[in-house]
Every structure is written in structure tokens, then in C-alpha cells.
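These notes concern the structure reproduced below.
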Amino acid sequence: MNLFLDLSKSLLDSQFQINKHEIFIRRNESLLMEDGVVCHLSNREIVRVSVTLLDFGSFQDRTIISQFLESMLRGRLDISSVVSDSEQEQISEMNEKFNKFRDQFKELGSLAPQTIDKPFYNCWFLSLPQLLIILDHVKTADDLQREIWKTRNFSASSLDFYMEYDWARYLYSKA
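Take the position in the sequence shown, starting the count at 1, then add 22; the result is the number in the numbering used here.
As C-alpha cells, then:
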């Protein structure tokens, strides 16, 4: 129970933070960086990447994450068995976050209607080792997008990021 709540909270907190940034960028159509550089949205897609220190195996599979996050948009946590007061408090806090998460997606839907049907299509939940594997093949911003996109529409249902990324790279090399 605690592992599930901890992972859920971690993912939800990171997505909540990312959503705040996306809402800001979509409202203002740009982002002013600390060094004074202005990054304009200019009809580009926004990619949401949550990064963890450690691997969480199948929990970081794009299909699993997408379904999990969609469940957060549509549901709530409820426990039918007896739980401790602290676990009940954690569940109540998660349900409050779910409500705020839903509110963010309503706003995102109004700012970017194209995201309504697939709200997590541009969402990744990667570990630092997974991100480093991707970065091994990156020299430019375009390279980063190309490498991340290789995993965007690809799933072998293995729940193994490393195998699927390697397989996707192989398939792209043959195209």
C-alpha cells in the first residue's frame, strides 16, 4: 500500500508541476528563461517528462502510465479494508490532488483542445538511467526529440523500457 501511494504521489506531484508550467506557457505563448532568452511556443508541442532517480520497472511503461494518469482524471481512491489513520489521511490527500489535477486538465483542454482526446500522449515517466540511455544518442535538441519520439508510438507490451527502446532504435535504423 505504501509503495503504491508513494509512487502515485510522486508521479502526480511531478505531473501537477509540469501542468502548471504548460498552462503558463500556453497562456503566455512563451517562457522567459533566467538568462533572458525567450522561448516561444510557436505552435510546437509540449512534451512532459517526469524523471525519477531509480527505475520502477513496468510502472514506467508509457501504456501503464497513460492508463494510470487517465484513472487519476476519472476516479478517486477508496479503501474498503481497515487502514491506519495515516493511510486514510494519505488517501484523502491524494483525492484532493486528483481534484486539482482534473481542474488543471480542464484548463489545459481549453488552452489546447487537441490534447483532450489523448491527454498523456506527450507524457513520459523516465528514470535517470533511462534518460541517460536516451541521451547517449543525443547531440542536439532535435536529436533529443527524435530519440524520445522513437518510444512515443511503440510498444511491444514487454513493460521493459530498455528492450523496447533498443528495438525501436533498431526498427528506425532499418526504415
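No residue lacks a Cβ here, since even glycine has one placed at the ideal position from N, Cα and C.
For residue i, I'd like the list of residues in its chain whose CB is within less than 6 angstroms of its CB, leaving aside the five on either flank, ordered along the chain.
i, result
"Glu44", "Ile68"
"Ile40", "Arg70"
"Tyr194", "Lys172"
"Ile156", "Glu169"
Would the beta-carbon of residue i fall within 8 angstroms of that of residue j?
i, j, result
"Arg96", "Asn117", "no"
"Ile173", "Ala190", "For the sequence presented, residue 173 should be read as Thr rather than Ile. In this structure, Ala190 lies closer than 8 angstroms to Thr173 by Cβ."
"Phe48", "Leu63", "One detail in the question is off: residue 48 reads as Arg in this sequence, not Phe. In this structure, Leu63 lies closer than 8 angstroms to Arg48 by Cβ."
"Phe142", "Glu186", "no"
"Ser32", "Leu181", "no"
"Phe127", "Ser72", "no"
"Val160", "Leu166", "yes"
For residue i, which residues does DSSP report across the bridge?
i, result
"Leu148", "Val73"
"Val59", "None, per the DSSP bridge assignment."
"Ser52", "His62"
Going by beta carbon distance, what residues of the same chain come within less than 7 angstroms of residue i, once the five residues before and after it are set aside?
i, result
"Met94", "Leu34, Phe120, Phe123"
Return helix, strand or coil for residue i, following the three-state DSSP convention.
i, result
"His159", "coil"
Leaving out the 5 sequence neighbours to the left and right, which residues in its chain are closer than 8 angstroms to residue i when beta-carbon positions are compared?
i, result
"Met55", "Cys61"
"Gln82", "Thr74, Phe147, Leu148, Ser149, Gln152, Phe183"
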